[in-house]
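Engineer:
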Amino acid sequence: MDDPHVVLDLAADADDEAIRRRYLELVRQFAPEHHPEKFAAIRAAYERLRDRNARVRYRLLEAGRKETIESIVEEITCRSSRRRVSLKTLLSILPKP
Amino acid sequence: MATGEPVSKKQKHKQRPTSTYSPEDLRQRIDRARHEGRFQQALELTKQLHKHEPTPANLELLKEVYLGRARQLRSQGKTCDALTVLEVASHLPDASEAWLEHLAQEMALCGEIRRTLILLDKLSEPASVQRILVQVADAAMQQEAAGRAALPPALQADLDRILLAFAQVEAGQDEAARETLQGIGLRSPFLEWKLLLRGLQAYWQNDDERAIENWQRLTPERLPARLAAPFRFRIDAAFRAAQPPATQAMLQKQIDCLQGSPLLPQLRNLQALLAHKDKMAAALRQVETLLPTLRQQMPQLVPRLAACFYWQILESTPEDILRYRRVFGSPPDDPNFYRLQAIGYEKAGELHVAHHYWQQYEQEIAAHPQEWPGDQAAHARAFIWQRMGQNAAAALDPRRQPSRRLFDLLGFEEEKPPPFNPPAEKCFEKSLELAPDLLETHEALLRYYLATDQPAKAEKAAQQLLQHFPHHVATLELLSDLCRKRGDYAAALGWIEQALKENALDRRLRRKTSDAHLLLARAYVESDHFEEARRHFQTALDLSSGSDNRMILAHWAACEFKAGAAARAEELVQQAQANPGEPTDGPPVPPVGVSYLLLTEVLRLKLDRALKKRFQEDLKRGLATPNQDGAVFLTRILAGLHQGGVTYFGKKSHTQKVLSYIHQARDLDFRETQLEELCRNLLDMEAYPQARRFANIGEQRYPENPVFPYLYALAWIQQRNRNLPMWDVVPRLKRARSLAQAQPPNECRDHMLEDIDKHLHELNPFALDFLSRMFGFDGDDEDDDGDDADDDW
Numbered sequence: 049m050d051d052p053h054v055v056l057d058l059a060a061d062a063d064d065e066a067i068r069r070r071y072l073e074l075v076r077q078f079a080p081e082h083h084p085e086k087f088a089a090i091r092a093a094y095e096r097l098r099d100r101n102a103r104v105r106y107r108l109l110e111a112g113r114k115e116t117i118e119s120i121v122e123e124i125t126c127r128s129s130r131r132r133v134s135l136k137t138l139l140s141i142l143p144k145p
Numbered sequence: 017m018a019t020g021e022p023v024s025k026k027q028k029h030k031q032r033p034t035s036t037y038s039p040e041d042l043r044q045r046i047d048r049a050r051h052e053g054r055f056q057q058a059l060e061l062t063k064q065l066h067k068h069e070p071t072p073a074n075l076e077l078l079k080e081v082y083l084g085r086a087r088q089l090r091s092q093g094k095t096c097d098a099l100t101v102l103e104v105a106s107h108l109p110d111a112s113e114a115w116l117e118h119l120a121q122e123m124a125l126c127g128e129i130r131r132t133l134i135l136l137d138k139l140s141e142p143a144s145v146q147r148i149l150v151q152v153a154d155a156a157m158q159q160e161a162a163g164r165a166a167l168p169p170a171l172q173a174d175l176d177r178i179l180l181a182f183a184q185v186e187a188g189q190d191e192a193a194r195e196t197l198q199g200i201g202l203r204s205p206f207l208e209w210k211l212l213l214r215g216l217q218a219y220w221q222n223d224d225e226r227a228i229e230n231w232q233r234l235t236p237e238r239l240p241a242r243l244a245a246p247f248r249f250r251i252d253a254a255f256r257a258a259q260p261p262a263t264q265a266m267l268q269k270q271i272d273c274l275q276g277s278p279l280l281p282q283l284r285n286l287q288a289l290l291a292h293k294d295k296m297a298a299a300l301r302q303v304e305t306l307l308p309t310l311r312q313q314m315p316q317l318v319p320r321l322a323a324c325f326y327w328q329i330l331e332s333t334p335e336d337i338l339r340y341r342r343v344f345g346s347p348p349d350d351p352n353f354y355r356l357q358a359i360g361y362e363k364a365g366e367l368h369v370a371h372h373y374w375q376q377y378e379q380e381i382a383a384h385p386q387e388w389p390g391d392q393a394a395h396a397r398a399f400i401w402q403r404m405g406q407n408a409a410a411a412l413d414p415r416r417q418p419s420r421r422l423f424d425l426l427g428f429e430e431e432k433p434p435p436f437n438p439p440a441e442k443c444f445e446k447s448l449e450l451a452p453d454l455l456e457t458h459e460a461l462l463r464y465y466l467a468t469d470q471p472a473k474a475e476k477a478a479q480q481l482l483q484h485f486p487h488h489v490a491t492l493e494l495l496s497d498l499c500r501k502r503g504d505y506a507a508a509l510g511w512i513e514q515a516l517k518e519n520a521l522d523r524r525l526r527r528k529t530s531d532a533h534l535l536l537a538r539a540y541v542e543s544d545h546f547e548e549a550r551r552h553f554q555t556a557l558d559l560s561s562g563s564d565n566r567m568i569l570a571h572w573a574a575c576e577f578k579a580g581a582a583a584r585a586e587e588l589v590q591q592a593q594a595n596p597g598e599p600t601d602g603p604p605v606p607p608v609g610v611s612y613l614l615l616t617e618v619l620r621l622k623l624d625r626a627l628k629k630r631f632q633e634d635l636k637r638g639l640a641t642p643n644q645d646g647a648v649f650l651t652r653i654l655a656g657l658h659q660g661g662v663t664y665f666g667k668k669s670h671t672q673k674v675l676s677y678i679h680q681a682r683d684l685d686f687r688e689t690q691l692e693e694l695c696r697n698l699l700d701m702e703a704y705p706q707a708r709r710f711a712n713i714g715e716q717r718y719p720e721n722p723v724f725p726y727l728y729a730l731a732w733i734q735q736r737n738r739n740l741p742m743w744d745v746v747p748r749l750k751r752a753r754s755l756a757q758a759q760p761p762n763e764c765r766d767h768m769l770e771d772i773d774k775h776l777h778e779l780n781p782f783a784l785d786f787l788s789r790m791f792g793f794d795g796d797d798e799d800d801d802g803d804d805a806d807d808d809w
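See the structure below:
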């Protein structure tokens, strides 16, 4: 997920104060000792939005730039439900002699 | 054949004498055929061998080849043929249990339950029986009703339990399934099916850890492990990484088929297309078919896919912009693709065209400020102007321009690039108008003025920056340097004192402040304001430490001589010349250095002739015995004088004496840092042949240090009145570059690398092949001993 607004769950027009408050809230929730990856993502997202200049720079030159088909595939894979399948379906994936 | 009639291939084959090969030949041919995977041929030859020599060893070989052929056919999916081979093999004159077990195993793997069970009856070893029964269980599971019917009643019960558990798990009745599976004992041939099911239950309950734990216990060659593999591939990173690429692709396909969205195969196709720059058009066509489903099922992913393609166009052709618009519509932040084109042209080095598109984009934002929250539109515009300024300034960078040298060489008239409209300065000013607190623009403007040698404007820009960022240390320091360069030592001191206030413990800033006090003190001495001078000498001393003190004391002594306080002056001279074992945080000041300093001050301040004579004698004595510290210090003083444009009567003669002194010192054991500084000082003194000589010495003694070949090359490049020996300079620059690249990054190294690239570019701006070959721009560096041809000391 590349969009820092989505990572921090913030509106696109959130101001400095709202961004900082949300950041601290999330950092408390996802401490680096227990959620190192999530914490790193929150930190990186905050760096992109922390002040007006950073936000403008991000929107102007970086927004969506790190988006890849791989990350979209990953997202779809994660969202795909783990539906239960029958033995017949399971056996059907094997190569036919 | 004697009749001369044509013989068909089949007849020919039949007529071939079967025993033309000796048994040894046959064995060799059999081995080769097996080794090359030609099992059918190996089988024919082994049959011949066994017929010819029916020994136990040949029978063993025949059995092995039969099994090999059967396995080969099974792996090709030809299980019926494999079973025929096994059937024939079962008539061989051998009824040993080992042989029967092999046959039964292969038959079970081919799915032949009934004949396997018949063979199994002939086995007495329980372990062998168990090994085969698990294969029978797998075969029965695969064959459903027919498989069940072929099983003995005892196994049918376990198979029924597994089938029931599968149905229960599929229906979400996990508890019931668990109870059903309790009936599968540890010795049941269906035990691994139980593990598979437990893993699947955990997987569907999102308990990945438990799923992996169960599946890790499966035998990889058996059917349950193969059925679990796609699920495990999805959740077990280590398992995924351990698979070869072809298996990964197959498992991905299987899991997509079992669990994935129907969008996934299409997206994976896209992924493959986007890996090729020239397939953007095909990728966009593929998106057109995919988008309706994506909009319906996961609309939130559409902007992400659009963003992905938007930036991919940068790697593609401008025609794809039209295709993109047709597929995704206009991007909300760049409806006319001006930004994308600006960035694209920047990437291609077409800065003039990029300038045009950035202006268009800036106007677009200015026309629709409501698209940006708050006052962000003005800031966005300021950023764009700043970027345009940087592009316009970068175009002045010599690295972006062909060098005069090459044009001269080829006899061309240089075609000047058109000026940027608006020019860099105007762009930065416009940016600051829109966002006066944009630090980056202030810094960029400052850099631009310095690069274009406009110190007055740079000073003004620095002061403007400080209005918004009064604690910006780098700018305070820069302002001090600029004031110092134009001789305003009082102002220089003021700025550097402000910088020091920001970081009072910074040793570099303390030293610079001490230097500023010393310079101001010297200016006061010149104008006979001795009290002010003393005050500044004292502050300079307070701020400095170690060897710097002796320099300050020497200058102070000269001040006192001028002020007529001879006793105090002598006292200071003694202090300067004494060697109290001072802590040296910088290079030491040797006595010869103090004598030279005092002499230059006496000459500069036009003091008494007796003093001049005295310090001349001191210097003469000092110069008689060369040493490393003396060589470094004396060249440092002369470099400083040369750089500052300071002259005095006798300077030329002193320079000659110092050069002669360092020539005598050439064989001394210089430390690496001493040699580095000596070379730099000589370069600053414009003593190029000497700089090359010491750079050569440095390169020989410290071959891993990139500074020496770099300084050697610089000593040629900066000596403008001589023809540049490209054959010598270019390989040195390249060697310096490769040595520097091998070092960990730091500011000095990075600066050196940048400078090396700049010079290499200037020497061959078009990267012309013939120049590369002639002067070694490409290929490995040839190491030469670098003896300086014009060693004119």
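Residue numbers (the numbering used here), protein chains in the order written: chain A, 49 to 145; chain B, 17 to 809.
For each residue, glycine too, the CB sits at the ideal point set by N, CA and C.
If you're wondering where the values come from, they're calculated on a predicted model, not measured in any experiment.
Decide if the region 87–106 of chain A is in contact with the region 218–236 of chain B; the criterion is three or more beta carbon pairs, one per stretch, under 8 Å apart.
Structural biologist: In short, these stretches do not touch, since the Cβ pair count stays below three.
Engineer: What would DSSP say about histidine 767 of chain B, mapped onto helix, strand or coil?
Structural biologist: Reduced to three states, the DSSP call for histidine 767 of chain B is helix.
Engineer: Using a cut-off of 8 Å between C-beta atoms, extract the partners of arginine 130 of chain A located in chain B.
Structural biologist: Neighbours of arginine 130 of chain A on chain B, chain order: Tyr219, Trp220, Asn222 and Gln275.
Engineer: Within its chain, find whatever has a CB closer than 8 Å to the CB of arginine 70 of chain A; leave out the 5 residues flanking it on each side and keep chain order.
Structural biologist: Leu56, Asp57, Leu58 and Ala62, listed in sequence order.
Engineer: At a Cβ cut of 8 Å, what residues of the region 487–511 of chain B count as close to chain A, listed as they run along the chain?
Structural biologist: Correct list: empty, as no residue qualifies.
Engineer: So what does DSSP say about asparagine 74 of chain B, is it helix, strand or coil?
Structural biologist: Residue state, collapsed to three classes: helix.
Engineer: Report buried or exposed for lysine 136 of chain A, applying the criterion of at least 16 other Cβ atoms within 10 angstroms of its Cβ.
Structural biologist: Looking at its Cβ environment, which holds fewer than 16 other Cβ atoms inside 10 Å, lysine 136 of chain A is exposed.
Engineer: What distance in whole Å lies between the Cβ atoms of leucine 769 of chain B and arginine 751 of chain B, which are believed to be in contact at a cut-off of 8 Å?
Structural biologist: Rounded, the Cβ-Cβ distance is 13 Å, inconsistent with contact.
Engineer: Could you tell me which chain B residues have their CB closer than 8 Å to the CB of arginine 124 of chain A, listed as they occur along the chain?
Structural biologist: Going by the sequence as given, residue 124 of chain A is isoleucine instead of arginine. By Cβ distance, chain B contributes Gly276, Ser277, Leu279, Leu280, Leu283, Met314 and Leu317.
Engineer: For the region 80–112 of chain A, enumerate the residues whose C-beta is nearer than 9 Å to any C-beta of chain B, in chain order.
Structural biologist: Those would be Arg100, Asn101, Arg103, Val104, Arg105, Arg107, Leu108, Leu109, Ala111 and Gly112, in chain order.
Engineer: Listing by chain order, which chain B residues have their CB less than 9 Å from the CB of isoleucine 67 of chain A?
Structural biologist: Ordered by position in chain B, no residue passes the 9 Å Cβ test against isoleucine 67 of chain A, which lies about 12 Å from the chain.
Engineer: Run down chain A in chain order and give the residues with a C-beta less than 8 Å from the C-beta of arginine 242 of chain B.
Structural biologist: Here the neighbours are Leu142.
Engineer: When DSSP labels each residue in this structure, what does valine 662 of chain B get in the three-state scheme?
Structural biologist: The answer is coil: DSSP assigns valine 662 of chain B none of H, G, I, E or B.
Engineer: List the endpoints of the continuous alpha helix (DSSP H) containing asparagine 222 of chain B.
Structural biologist: Counting along the chain, asparagine 222 of chain B falls outside any alpha helix (DSSP H), and DSSP gives it neither H nor E.
Engineer: Beta carbon of leucine 727 of chain B, beta carbon of leucine 699 of chain B: below 9 Å?
Structural biologist: Yes; because the gap between Cβ atoms is below 9 Å, this pair is in contact.
Engineer: Does any residue of chain A bring its CB to less than 9 Å from the CB of glutamate 195 of chain B?
Structural biologist: False, the Cβ-Cβ gap to chain A never drops below 9 Å.
Engineer: CA-CA distance, tryptophan 743 of chain B and alanine 410 of chain B?
Structural biologist: C-alpha separation (whole angstroms): 30 Å.
Engineer: Where does leucine 535 of chain B land, buried or exposed, given buried means 16+ other C-beta within 10 angstroms?
Structural biologist: So leucine 535 of chain B counts as buried.
Engineer: Whose CA, out of A:Leu142, A:Asp64, A:Ile90 and A:Ile120, lies closest to the CA of glutamine 316 of chain B?
Structural biologist: When each option's Cα is compared against that of glutamine 316 of chain B, the closest is A:Ile120.
Engineer: Taking CB distances under 9 Å as the criterion, tell me whether aspartate 47 of chain B reaches chain A.
Structural biologist: So, not an interface residue.
Engineer: Keeping to the same chain, check which residues put their C-beta closer than 6 Å to that of serine 140 of chain A; ignore five residues upstream and five downstream.
Structural biologist: None.
Engineer: Would you give the residue range spanned by the alpha helix (DSSP H) that leucine 559 of chain B belongs to?
Structural biologist: First-last of the alpha helix (DSSP H) with leucine 559 of chain B: 546–559.
Engineer: Can you check whether the CB of serine 496 of chain B is closer than 9 Å to the CB of alanine 532 of chain B?
Structural biologist: Taking 9 Å as the Cβ cut-off, alanine 532 of chain B and serine 496 of chain B qualify as a contacting pair.
Engineer: Are leucine 810 of chain B and arginine 342 of chain B closer than 9 Å when you measure CB to CB?
Structural biologist: In the structure as shown, chain B begins at 17 and stops at 809. Residue 810 of chain B is therefore absent and cannot be evaluated.
Engineer: Taking buried to mean at least 16 other C-beta atoms within 10 Å of its own C-beta, is arginine 748 of chain B buried or exposed?
Structural biologist: Result: buried.
Engineer: Using 9 Å as the limit for Cβ to Cβ distance, is alanine 655 of chain B near chain A?
Structural biologist: For alanine 655 of chain B, the answer is no, since every Cβ of chain A falls outside 9 Å of its Cβ.
Engineer: Ordered along the chain, which non-local residues of its own chain (more than five positions away) have a Cβ less than 8 Å from that of glutamate 69 of chain B?
Structural biologist: For glutamate 69 of chain B, where only same-chain residues beyond five positions count, the Cβ hits under 8 Å are Pro39.
Engineer: Can you tell me the Cα-Cα spacing of leucine 280 of chain B and leucine 59 of chain B, whole angstroms?
Structural biologist: Taking the straight line joining both Cα atoms gives about 47 Å.
Engineer: Using a Cβ distance threshold of 8 Å, determine whether the region 434–451 of chain B contacts the region 461–473 of chain B, with at least three qualifying pairs required.
Structural biologist: As far as the Cβ criterion goes, the region 434–451 of chain B touches the region 461–473 of chain B, which means the pair count is three or higher.
Engineer: Compute the Euclidean distance between the alpha carbons of glutamine 690 of chain B and leucine 623 of chain B, then round it to the nearest angstrom.
Structural biologist: Rounded to the nearest angstrom, the two C-alpha atoms are 33 Å apart.
Engineer: Can you list the residues of chain B that aspartate 61 of chain A reaches, using a CB-CB cut of under 8 Å?
Structural biologist: Within chain B, the residues near aspartate 61 of chain A are Pro389 and Gly390.
Engineer: What first and last residue would you give for the alpha helix (DSSP H) that runs through methionine 157 of chain B?
Structural biologist: It spans 142–166 - the alpha helix (DSSP H) in which methionine 157 of chain B sits, taken as one unbroken run.
Engineer: Taking all protein chains shown into account, do 16 or more other C-beta atoms lie within 10 angstroms of the C-beta of isoleucine 678 of chain B, making it buried, or fewer, making it exposed?
Structural biologist: So isoleucine 678 of chain B ends up on the buried side.
Engineer: Taking Cβ positions, are isoleucine 117 of chain A and serine 277 of chain B nearer each other than 9 Å?
Structural biologist: Result no, Cβ atoms of isoleucine 117 of chain A and serine 277 of chain B do not sit closer than 9 Å.
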